[in-house]
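Chains as they are written, first to last, in the working numbering: chain A, 25 to 123; chain B, 15 to 136.
Cβ atoms here follow ideal geometry from the backbone N, Cα and C, with glycine treated the same way.
The block underneath contains the structure these notes are about, expressed in structure tokens.
Structure, rendered in structure tokens:
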């Protein structure tokens, strides 16, 4: 019996991406808030790592506690159905951050 | 809002500095003669000063200061978009102020303050 095309399921995916903060922007105050605000648009679990420390990208206090200064490399990782989209949006957000 | 105006003012200054000028952080607290305590009037005035039309999040230092706010909210002295949050005083205020600076909605600002409970200092 023909059951129709195979049903597509939202398969959880994981993605990783390295981005660099603009040299004159630290991940504090409003830049950190904009970063968190971007992460919160997605369902995926998103983490951000700096110099061996890792934080939930949707938690403003955790992101502030990273103390990432201008020019720092951020290791972004996401797990979930929109992981790729989340990291792409965060990469765009980070490159456009201003003090 | 704190039993000590100095404590409330110090936290308001800290949160303002972290979040920037676009966010109104207003201290309230202390008794009328500089003693410790909280009064309806000081809290109501601070809420009015903080209100830009998009909502106000209120944090208190200890339980009995919370009663003052609850009393105000029940009496309807606010226009319905004042949110009392159950959050750590310092971390909650910083989280709320910073998220507010990014233009988050009241619900998200309140949630960020309450989630501050789970943040480790180190």
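Cα-Cα separation between residue i and residue j, rounded to whole angstroms
i, j, result
"residue 61 (chain B)", "residue 77 (chain B)", "19 angstroms"
"residue 80 (chain B)", "residue 74 (chain B)", "6 angstroms"
"residue 67 (chain B)", "residue 88 (chain B)", "20 angstroms"
"residue 115 (chain B)", "residue 51 (chain B)", "30 angstroms"
"residue 86 (chain B)", "residue 136 (chain B)", "37 angstroms"
"residue 56 (chain A)", "residue 122 (chain A)", "10 angstroms"
"residue 108 (chain A)", "residue 118 (chain B)", "23 angstroms"
"residue 103 (chain A)", "residue 15 (chain B)", "39 angstroms"
"residue 42 (chain B)", "residue 34 (chain B)", "20 angstroms"
"residue 62 (chain A)", "residue 55 (chain B)", "38 angstroms"
"residue 111 (chain A)", "residue 79 (chain A)", "15 angstroms"
"residue 32 (chain B)", "residue 133 (chain B)", "17 angstroms"
"residue 101 (chain A)", "residue 81 (chain A)", "9 angstroms"
"residue 103 (chain B)", "residue 25 (chain B)", "9 angstroms"
"residue 53 (chain B)", "residue 47 (chain B)", "11 angstroms"
"residue 64 (chain A)", "residue 49 (chain B)", "42 angstroms"
"residue 54 (chain A)", "residue 59 (chain B)", "27 angstroms"
"residue 85 (chain A)", "residue 105 (chain B)", "7 angstroms"
"residue 122 (chain B)", "residue 69 (chain B)", "11 angstroms"
"residue 70 (chain A)", "residue 90 (chain B)", "40 angstroms"
"residue 120 (chain B)", "residue 113 (chain B)", "10 angstroms"
Residues of its chain near residue i, where Cβ-Cβ distance is below 8 angstroms and the 5 sequence neighbours each way are ignored
i, result
"residue 83 (chain A)", "60"
"residue 98 (chain A)", "42, 43, 44, 45, 51, 72, 73, 74, 92 and 118"
"residue 63 (chain B)", "38 and 40"
"residue 124 (chain B)", "71, 97, 99 and 110"
First through last residue of the beta strand (DSSP E) which encompasses residue i
i, result
"residue 43 (chain A)", "37–44"
"residue 101 (chain A)", "97–104"
"residue 98 (chain B)", "96–98"
"residue 71 (chain B)", "70–72"
Three-state class that DSSP yields for residue i in the structure shown
i, result
"residue 86 (chain B)", "helix"
"residue 80 (chain A)", "strand"
"residue 112 (chain B)", "helix"
"residue 44 (chain B)", "coil"
"residue 67 (chain A)", "coil"
"residue 73 (chain A)", "strand"
"residue 30 (chain B)", "helix"
Sequence-distant residues of its chain with Cβ nearer than 6 angstroms to residue i (five each side left out)
i, result
"residue 29 (chain B)", "39, 107, 108 and 111"
"residue 45 (chain B)", "51"
"residue 113 (chain A)", "62"
Chain-order list of residues whose beta-carbon lies under 7 angstroms from that of residue i (same chain, five-residue window excluded)
i, result
"residue 77 (chain A)", "90"
"residue 51 (chain A)", "45, 59, 87, 90 and 92"
"residue 101 (chain B)", "73, 127, 128, 130 and 131"
"residue 48 (chain A)", "94 and 123"
"residue 65 (chain B)", "none"
"residue 57 (chain B)", "15, 42, 82, 83 and 86"
"residue 36 (chain B)", "115"
Extent of the continuous alpha helix (DSSP H) to which residue i belongs
i, result
"residue 57 (chain A)", "53–63"
"residue 39 (chain B)", "Run containing residue 39 (chain B): none; DSSP gives neither H nor E here."
"residue 76 (chain B)", "Looking at the DSSP string, residue 76 (chain B) is not in any alpha helix (DSSP H), and its letter there is neither H nor E."
"residue 114 (chain A)", "107–119"
"residue 55 (chain B)", "54–64"
"residue 120 (chain B)", "120–129"
Handout entry: Cβ contact (3+ pairs, closer than 8 angstroms) linking the region 36–49 of chain A and the region 93–103 of chain B
Key = Cβ pair count under 8 angstroms is below three, so no.
Problem - Cβ contact (3+ pairs, closer than 8 angstroms) linking the region 18–28 of chain B and the region 99–119 of chain A - result: No: fewer than three Cβ pairs fall under 8 angstroms.
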